[in-house]
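> Chains U and X, in that order, are what the protein sequence lines are. Using numbering that gives the first Met the number 0, the final residue of the first sequence is 290, and nothing's skipped along the way. Using numbering that gives the first Met the number 0, the final residue of the second sequence is 430, and nothing's skipped along the way. Could you have a look at this structure, given as structure tokens, before my questions?
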Amino acid sequence: MSKARATIYGWLLLGPAFVLLAAFTHWPAIATLYHSFHSTARRNRPSVYVGLDNYQGMIDDPVFWQALINNFWYAVGTIPVSIGLALLMALWVNEKLAGRTWLRLAYFTPTVLPMIAVANIWLFFYTPDYGLFDQIRGLFGLRATNWLGEPGTVLGCLIVMTIWKEAGFFMIFYLAALQSMPPNLAEAAAIEGCGRWTFFRRVTFPLLMPTTLFVLVNAVIGAFRMVDHVVALTAGGPNNASMLLLVMIYDVAFRYWDVAYAATLTVVLLAILGTVALIQFVVLEKRIHYR
Amino acid sequence: MTVSKFGRRGFVAGGLAMAGAAKLAAPALAQGQTRLNFYYPVAVGGPITKLIDTMCADFERENPSIKVQPIYTGSYQDTIAKTLTALKSNDFPHFAILLSTDMFTLIDEDVIVPFDDSDQAWIKSFYPAFMENSQAEGKTWGIPFQRSTIVQYWNKELFKEAGLNPDVPPKTWADQIEIAQKLTKRDASGNTSQWGMQIPSSGFPYWLFQALTTQNDVRLMNPEGTRTFFDDPKVVEALQYWMDLSMKHKVHPTGIVEWGTTPRDFFERKVAIMWTTTGNLTNVRTNAKFDFGVGMMPFGRRGGSPTGGGNFYVFKKANAAERAAATAFAKFVTQPERAAQWGIDTGYVAVTPAAFETQRMKDYVAGFPAAAVARDQLPLAWAELSTHDNQRVTKALNDGLQAGLTGAKSAQVAMAEAQREAQRLLRPFQR
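In structure tokens, the structure reads:
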């Protein structure tokens, strides 16, 4: 095959993915950046170039900062716990125990359910007085709590629900990785007289690192991307106590129709996710052994 | 599935219309066929989609030259999002049902046209309270269709248990506290097993709050939608009253009360009196396993409630013939008989006094007097909060209310901050 032909083949193979990525990812991202430097068009007031005005407005917007801080705590609250839990569950259902297929299925069920359905189930769990949690607490004589109606508890409620939803999903990846791990490693370790904990710390966990990176990237994106439940449970309330960045972007774009400001917020979200992904790939990559 | 259904119906209706046009060979043919896309939301339970389909079919039968394609577009929120997006394309709605409070937003987006008000008799046939949210700049931008108000529902059994007259709900604000105190049950350890009353405060607390401000005789905005009065002492007083119900008198749950589970709290006897929309009437009638009452709101300085719900709007992108056809449709479905039937089928308040004068409605009200409560309250009702940049201004108020109700801010501070934010948002419209 001539070199020119190979080039054409190469581009043809690359083509579909390239077109899709360009049309639905790169072009919108550039357009968003463009819109963030312009004002929103209104009656008698066409869109004009406003420089950094939108960014200045964003810095002055207390709701933006609240959403950002909430999102930070939401990420910190959900990511480590759901990954840890996923690993624990995967290790457990990887053992040879009776009914482990059912156990795996049970752990995976939350992932299968649509987020809105999940939110409606949890809305009942969190209902004051006759909701599930308050009924259980009632057995111990504890007072009814308005879980979703108090600024102090609402974000925690969302975090707990997200962990429940996400852990099963991440477990599948860990389980797949554990299944593909050669058994002779365990046998060799056993001959050497290596304890279970040491084996996990020195063999299993390092071998799982590529999976952990993958799961971590997904978890971080998920922490900024999953918002259906916020809309269904609290709509960001009370008084923005559960407002997350993407919920805010939706509100600004499709309720206030302030396209320019929504674009500005989107640029910030893109920057955050881009930076985090970059750090993960560059820094963690060095510490991961791919087989 | 949906597409094929519409396609088939479209084909049949088109065939019929052509046959009709050929026979009559009248102006209809000269004008050709007018096709209308009609976006509508569903915000309450019941077979709304079927009712709308039937309505459109009936209209087409009487107006063979017009074809109406009803397109269900989700909630009110989804519908306005889809409408504004579709209006930027070539496949757009010619008219739609959207929130009455979105009027200023739609004017500012420059997408709607006012209704031809040469037919003053029709414009004047609606309840004035509904027209407040439908007219601006001296023009009529919306035609009331699926409208509601807030009423109080009370559990007659719990009233009897508490030694109260089960047929008399609270009539005044002072009454209300006293009655709610008798209806609140606490055990020895201080747990409340039954609340006297609750007013939902999640999602859109401003609407229920507006019942309190209306009763306190204060408006939240000017008719032009360019100014708000959130820091008026009477508004602060109304919020203080709501906060006191839970914080001082302890007859109302603390924190934010979920709108969605409030009816359920009522069915579970966790609360004796609830405030919610007339749109819940059918829901309560089906699910309450006890005798319940539906009553007008109690009186503060006056009585009343804000109105709510959706209007017809006609879009600028429609041509003259399409606008006329859409207006004809709005006229058709707001005729007294049809408005009455729509009210009976859905629980919405029939939009004209004439609808309540029809035999059909009279028979219905005779069998189910609760259906007339909303009507009797309408003379006292005021327009729902609606301004330019409406959703944002409303959000400023919602945030303030929730800050007050969760105890994060005092009523005074919360309302002053909401007003400052609203003032900032509305400044460009005050020129």
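Where a beta carbon is used, it is the ideal one built from N, C-alpha and C, also for glycine.
#1: X:Arg301: which of X:Pro378, X:Val412, X:Ile272 sits nearest, CA to CA?
#2: Decide if U:Trp64 is buried, meaning its Cβ has at least 16 other Cβ atoms within 10 Å, or exposed.
#3: Kindly list the residues whose CB is nearer than 6 Å to the CB of X:Ala431, restricted to its own chain and excluding five residues on each side of it in sequence; keep chain order.
#4: Within the 8 Å Cβ cut-off, does U:Ala28 reach chain X?
#5: Going along the chain, which residues of its own chain have a beta-carbon closer than 7 Å to the beta-carbon of X:Met0, five neighbours each way excluded?
#6: Can you pull the chain U residues whose beta carbon is under 7 Å from the beta carbon of X:Ser188, in chain order?
#7: Going by DSSP, what residues sit across from X:Tyr71 in a beta bridge?
#8: Could you tell me whether the region 118-129 of chain X touches the region 256-268 of chain X, using the rule of 3 or more Cβ pairs below 8 Å?
#9: When you compare the CB positions of X:Val392 and X:Leu425, do they come within less than 8 Å of one another, or not?
#10: Tell me which residues of the region 179-201 of chain U have at least one Cβ-Cβ distance to chain X shorter than 8 Å, keeping chain order.
#11: I want to verify the contact list: residues of chain U whose CB lies under 8 Å from the CB of X:Val41, in sequence order.
#12: Taking its Cβ as the centre, do 16 or more other Cβ atoms sit within 10 Å of U:Lys164, making it buried, or is it exposed?
#13: By the DSSP assignment, the beta strand (DSSP E) with X:Tyr312 in it spans what residues?
#14: Ordered along the chain, which non-local residues of its own chain (more than five positions away) have a Cβ less than 8 Å from that of U:Leu32?
#15: Can you find a CB in chain U that lies within less than 8 Å of the CB of X:Tyr137?
#16: If the cut is a Cβ gap below 9 Å, which residues of chain X does U:Thr126 touch?
#17: Classify X:Thr285: buried if its beta carbon has 16 or more other beta carbons within 10 angstroms, exposed otherwise.
#18: Would X:Thr351 and X:Phe125 be called neighbours here (beta carbons separated by less than 8 Å)?
#19: Provide the residue(s) that pair with X:Ser147 in DSSP beta bridges, ordered along the chain.
#20: May I ask which residues mark the beginning and end of the alpha helix (DSSP H) holding X:Thr393?
#21: Which bits of chain X does U:Pro150 rub up against, with CB to CB less than 8 Å?
#22: Taking DSSP as the reference, what is the three-state secondary structure of U:Gly194?
#23: Along the chain, where does the beta strand (DSSP E) containing U:Val47 start, and where does it finish?
#24: Which first and last residues belong to the beta strand (DSSP E) in which X:Ser192 is found?
#25: Residues in the same chain with beta-carbon distance under 8 Å from X:Arg185, minus the five sequence neighbours each way, listed in chain order, please.
#26: So, is the C-beta of U:Asn53 closer than 8 Å to a C-beta in chain X?
#27: To the nearest angstrom, report how far apart X:Ala27 and X:Asp52 are at their CA atoms.
#28: Let me check understanding here. Comparing Cα to Cα, which of X:Arg430, X:Ser147, X:Ser74 lies closest to X:Ala380?
#29: If you count every other CB in all the chains shown that lies within 10 Å of the CB of X:Lys394, and 16 or more means buried, which is it?
#30: Mind checking who X:Val348 pairs with in its DSSP beta bridge?
#31: Identify whether U:Phe172 lies in helix, strand or coil by the three-state DSSP scheme.
#32: Could you tell me how far apart the beta carbons of X:Met431 and X:Ala80 are, in whole angstroms, since I believe they sit closer than 8 Å?
#33: Shorter than 8 Å from the beta carbon of X:Gly202 to some beta carbon of chain U?
#34: Taking the straight line between their C-alpha atoms, what separation do you get for X:Ala324 and X:Asp90?
#35: Going along the chain, which residues of its own chain have a beta-carbon closer than 8 Å to the beta-carbon of U:Met57, five neighbours each way excluded?
#36: What are the boundary residues of the beta strand (DSSP E) that includes X:Ala317?
Taking the geometry as given:
#1: Walking along the second sequence from the start, residue 301 of chain X turns up at place 302. Of X:Pro378, X:Val412, X:Ile272, the residue nearest in Cα terms is X:Pro378.
#2: Taking the first sequence and counting its residues from 1, the one referred to as residue 64 of chain U is at position 65. The residue in question, U:Trp64, is exposed, as its Cβ has fewer than 16 Cβ neighbours within 10 Å.
#3: No answer is possible for residue 431 of chain X: the residues shown for chain X start at 0 and end at 430.
#4: Here residue 28 of chain U corresponds to residue number 29 of the first sequence, with the count starting at 1. U:Ala28 does not count as touching chain X.
#5: Looking up residue 0 of chain X in the second sequence gives position 1. Bear in mind that the predicted position of X:Met0 carries a pLDDT of just 31, short of 50, making it too unreliable to give a figure here.
#6: If you number the second sequence from 1, residue 188 of chain X lands on position 189. Here the neighbours are Gly140.
#7: Within the second sequence, the letter at position 72 stands for residue 71 of chain X. X:Tyr71 is bridged to X:Tyr39.
#8: Inter-segment contact for the region 118-129 of chain X and the region 256-268 of chain X is absent: fewer than three beta-carbon pairs are separated by less than 8 Å.
#9: Within the second sequence, residue 392 of chain X is the residue found at index 393, counting from 1. Within the second sequence, residue 425 of chain X is the residue found at index 426, counting from 1. Against a cut-off of 8 Å, the Cβ pair of X:Leu425 and X:Val392 comes out as a contact.
#10: Listed by position, the residues of the region 179-201 of chain U near chain X (Cβ gap below 8 Å) amount to none.
#11: In the second sequence, residue 41 of chain X corresponds to position 42, counting from 1. Listed along chain U is no residue with a C-beta nearer than 8 Å to that of X:Val41; the closest approach is about 16 Å.
#12: Within the first sequence, residue 164 of chain U is the residue found at index 165, counting from 1. The residue is buried, with at least 16 neighbouring Cβ atoms inside 10 Å.
#13: Within the second sequence, residue 312 of chain X is the residue found at index 313, counting from 1. Start and end: 306-314.
#14: Along the first sequence, one-based indexing puts residue 32 of chain U at 33. Closer than 8 Å at the Cβ level, and outside the excluded window around U:Leu32, lie Ala262, Val266.
#15: Within the second sequence, the letter at position 138 stands for residue 137 of chain X. Note on residue identity: the sequence assigns Gly, not Tyr, to residue 137 of chain X. False, the Cβ-Cβ gap to chain U never drops below 8 Å.
#16: The residue given as residue 126 of chain U occupies position 127 in the first sequence. What U:Thr126 touches in chain X: Glu257, Thr260, Arg263, Asp264.
#17: Translated into positions along the second sequence, residue 285 of chain X becomes position 286. It counts as exposed.
#18: Here residue 351 of chain X corresponds to residue number 352 of the second sequence, with the count starting at 1. Here residue 125 of chain X corresponds to residue number 126 of the second sequence, with the count starting at 1. In terms of Cβ geometry, X:Thr351 and X:Phe125 form a close pair [threshold 8 Å].
#19: The count along the second sequence starts at 1 and reaches residue 147 of chain X at position 148. Paired residue(s): X:Gly307.
#20: On the second sequence, residue 393 of chain X is found 394 positions in, with the first residue counted as 1. Annotation for X:Thr393: the continuous alpha helix (DSSP H) segment containing it runs 389-404.
#21: The count along the first sequence starts at 1 and reaches residue 150 of chain U at position 151. One finds Thr405, Ala407 in chain X with Cβ atoms closer than 8 Å to the Cβ of U:Pro150, taken in chain order.
#22: The sequence position of residue 194 of chain U within the first sequence is 195, counting from 1. U:Gly194 falls in the coil class under three-state DSSP.
#23: In the first sequence, the residue the question calls residue 47 of chain U occupies position 48. According to the DSSP assignment, U:Val47 belongs to no beta strand (DSSP E), since it is labelled neither H nor E.
#24: By 1-based counting over the second sequence, the position of residue 192 of chain X is 193. DSSP places X:Ser192 inside the beta strand (DSSP E), whose first and last residues are 191-197.
#25: Counting from one through the second sequence, the residue named residue 185 of chain X turns up at place 186. In chain order, Thr191, Ser192 place their CB closer than 8 Å to the CB of X:Arg185, counting only its own chain and leaving out the 5 sequence neighbours on each side.
#26: The residue labelled residue 53 of chain U in the question sits at position 54 within the first sequence. Closer than 8 Å: no.
#27: The residue given as residue 27 of chain X occupies position 28 in the second sequence. The residue given as residue 52 of chain X occupies position 53 in the second sequence. In this prediction, X:Ala27 has a pLDDT of 42, which is less than 50 and means its spatial position is unreliable; nothing more can be read from the coordinates.
#28: Translated into the one-based positions of the second sequence, residue 380 of chain X becomes position 381. Of the candidates X:Arg430, X:Ser147, X:Ser74, the one whose C-alpha sits nearest the C-alpha of X:Ala380 is X:Ser147.
#29: As a working mapping, residue 394 of chain X is identified with position 395 in the second sequence. Residue environment for X:Lys394: buried (at least 16 other C-beta atoms within 10 angstroms of its C-beta).
#30: Your numbering for residue 348 of chain X matches position 349 in the second sequence. Beta-bridge pairing links X:Val348 to X:Arg146.
#31: As a position in the first sequence, residue 172 of chain U is number 173, starting the count at 1. Three-state DSSP puts U:Phe172 in a helix.
#32: Nothing in the structure corresponds to residue 431 of chain X, since chain X is present only between 0 and 430.
#33: As a position in the second sequence, residue 202 of chain X is number 203, starting the count at 1. Nearest CB-CB separation between X:Gly202 and chain U: below the 8 Å threshold.
#34: As a working note, residue 324 of chain X is residue 325 in the second sequence. As a working note, residue 90 of chain X is residue 91 in the second sequence. For X:Ala324 and X:Asp90, the distance between alpha carbons rounds to 18 Å.
#35: Within the first sequence, residue 57 of chain U is the residue found at index 58, counting from 1. For U:Met57, where only same-chain residues beyond five positions count, the Cβ hits under 8 Å are Phe63, Tyr260, Thr263, Leu264, Val267.
#36: Taking the second sequence and counting its residues from 1, one reaches residue 317 of chain X at position 318. Element bounds for X:Ala317: n/a, residue is neither H nor E.
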